[in-house]
Amino acid sequence: MKKLNEIGVNAKKALTVLNNLNEEKINKVLLSYNRLLLENKKQILQENIKDVKNVKKKHLVDRLVLDDERIEGIRSSVNEIFKFKSPLNKVLETWKRPTGLKIKKITTSIGVIGVIYESRPNVTADVSALCLKSGNCGILRGGSDACNSNKILANLFRESLKKNNVDKNCIQFIDDKNRNIVNYLLSNMSKYIDVIVPRGGKELVKKVQQLSRVHVIGHLEGLCHIYVDKDANTAMATKLVANAKMRRTSICGAVETLLIDSKSIKKHGVPIMNKLASLGCEIVVDKKINQIFKNKYKLAKEIDWKTEYLDAKISIKSVNGVQEAKNHILKYGTMHTDGIITNNSKTAEIFLNGVNSAIAMHNVSTQFADGGEFGFGGEIGISTNKLPPRGPVGVNQLTSYKYIVTGKGIARS
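The C-terminal position of the sequence shown is numbered 445 in our numbering, with every residue numbered one higher than the one before it.
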């Protein structure tokens, strides 16, 4: 693993250079990258076609595929990140002590961020731009399914760094498909890497959390819930649930379990389920709901309440009000994104304050659980950690802080 250690050394050297760059220079790199993405669109699409043809797990195609619209989406994210002011050296707090000490708390970069991810080529561009803008160096290890797409996107970013006389090792991409690479990154690179961010399936994130010797920003699963309250507007609930499930089934913000107040199964449940079925969604339900539908659907099993499908499938359960809905989420949820649909503000408040989700939503599709939609430009991931950063992690969340203490010859008595 000699090459990995070299990557680590290069990242630390590049970090020294990055620490001395002004915001204008960083913005020039991002503008240059945006132009290169446009100029090389044809080559990017050609590399992506190679990946799509070789993909073995067909359900990953939606995550993997690039087209003109998605490349423009990547460029838009880079442009939004460009617009942010530097998050570094911001004064968060200042105060004075009776001893004469003046204390100032300011933002700093984290350092070297290692990102391990699967299938999504846009992550390469988003992470590269976010790391640079926040004064961090990035070591990227993308999934083998998207290797060609990731490689060209990373190389174009390195080219933009070089064009602007910035150390190209501010961003490094590991294109070796050997799975032992990940183990080594996690277990033997702690002197080079300050934070690890896993973006992928449950097994990847679980492995990272078990093996990593440095702090991890990540989430195990996006097992998202929506609770439809008896005081919901039926048309709104039908629209939002259909969008939350079927807009894109493969993203972590897609709803996986629907909870419906038992008093409104016929009023809300029937139109919602008919809409989902018409869109081709597989539905599994509890006994109470199935009785209303004359045993039309498959019965949900215990495992369904624990499953992130990432597919056109949803589990639906009847609950006796907001408290039972909240308790179900506390038992089975993954602290990612959970929402309530209701016109009763008091019920909404009970739900929003009671769930332990990183993102709690009211009358909103869970598919808005996204750094771009939050106005962050992009995201390095969505963290379900209790400690910060939590939720979508963008430019301003990719910082640490330090205290600067000054005085006039003050000695402690």
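Positions of the beta carbon are idealized from the N, C-alpha and C atoms, including for glycine.
Self-check item: Nonlocal neighbours in the same chain, by C-beta distance under 8 Å from Asn59, ignoring five residues either side
Solution: Reading the sequence shown from its first residue, position 27 is the one you call residue 59. Excluding residues within five positions, the ones whose Cβ falls inside 8 Å are Phe114.
Quiz item: In whole angstroms, what separates the C-alpha of Lys44 from that of Asn220?
Solution: As a working note, residue 44 is residue 12 in the sequence shown. As a working note, residue 220 is residue 188 in the sequence shown. In a straight line, the C-alpha of Lys44 is about 15 Å away from that of Asn220.
Quiz item: From Ile292, Cys256, Arg280, Gly285, pick the residue whose C-alpha is nearest to that of Ala269; which is it?
Solution: Locating residue 269 in the sequence shown gives position 237, where the first residue counts as 1. If we check each option's Cα against that of Ala269, Ile292 comes out closest.
Quiz item: Cβ atoms of Cys169 and Val144: under 8 Å apart, would you say?
Solution: Within the sequence shown, numbered from 1, the residue matching residue 144 stands at position 112. Within the sequence shown, numbered from 1, the residue matching residue 169 stands at position 137. Result yes, Cβ atoms of Val144 and Cys169 sit closer than 8 Å.
Quiz item: Exposed or buried, His251, counting other C-beta atoms within 10 Å across all chains shown (16 or more means buried)?
Solution: If you number the sequence shown from 1, residue 251 lands on position 219. Looking at its Cβ environment, which holds 16 or more other Cβ atoms inside 10 Å, His251 is buried.
Exercise. Kindly indicate which three-state DSSP category Lys136 falls into: helix, strand or coil?
Key: In the sequence shown, the residue the question calls residue 136 occupies position 104. DSSP places Lys136 in strand when its eight states are reduced to three.
Exercise. Leaving aside the five residues before and after Leu36 along the sequence, list all residues of the same chain whose C-beta is less than 6 Å from its C-beta, in chain order.
Key: Taking the first residue of the sequence shown as 1, we reach residue 36 at position 4. If we look at Leu36 and ignore the five residues flanking it on each side, its Cβ neighbours are Tyr216.
Exercise. Check whether the Cβ atoms of Arg231 and Val155 lie closer than 8 Å to each other.
Key: Walking along the sequence shown from the start, residue 231 turns up at place 199. Walking along the sequence shown from the start, residue 155 turns up at place 123. Yes, they are a contact pair.
Quiz item: Thr126 by DSSP, collapsed to three states: which one?
Solution: Stepping through the sequence shown from its first residue, residue 126 is reached at position 94. Strand at Thr126.
Self-check item: C-alpha distance - Val61 paired with Gly40, whole-angstrom precision
Solution: Position 29 of the sequence shown, counting from 1, holds the residue named residue 61. Position 8 of the sequence shown, counting from 1, holds the residue named residue 40. Between Val61 and Gly40, the C-alpha separation is close to 22 Å.
Quiz item: If you check the beta carbons only, do Asp172 and Gln204 fall under 8 Å apart?
Solution: In the sequence shown, counting from the first residue as 1, residue 172 sits at position 140. In the sequence shown, counting from the first residue as 1, residue 204 sits at position 172. The sequence given here has Leu at residue 172, not Asp. Cβ atoms of Leu172 and Gln204: closer than 8 Å.
Self-check item: Three-state class that DSSP yields for Ala46 in the structure shown
Solution: For the purposes of this step, residue 46 is identified with residue 14 of the sequence shown, where counting begins at 1. In the structure shown, Ala46 sits in a helix (DSSP, three-state: H, G or I).
Quiz prompt | Status (buried if at least 16 other CB within 10 Å, exposed otherwise) for Gln429 | solution = Along the sequence shown, read from residue 1 onward, the residue named residue 429 stands at position 397. Here Gln429 is buried, its C-beta having at least 16 other C-beta atoms within 10 Å.
Quiz item: Around the Cβ of His257, are there at least 16 other Cβ atoms within 10 angstroms (buried) or fewer (exposed)?
Solution: Start at 1 with the first residue of the sequence shown, and residue 257 comes out as number 225. His257 should be labelled buried.
Self-check item: Rounded straight-line distance, which links the Cα of Val287 to that of Lys338
Solution: Within the sequence shown, the letter at position 306 stands for residue 338. Within the sequence shown, the letter at position 255 stands for residue 287. Each residue's Cα considered, the two are about 13 Å apart.
Self-check item: Unbroken beta strand (DSSP E) run spanning Gly146, endpoints
Solution: Sequence index remark: in the sequence shown, residue 146 carries index 114 (1-based). Taken as a continuous stretch (DSSP letters only), the beta strand (DSSP E) holding Gly146 covers 144 to 149.
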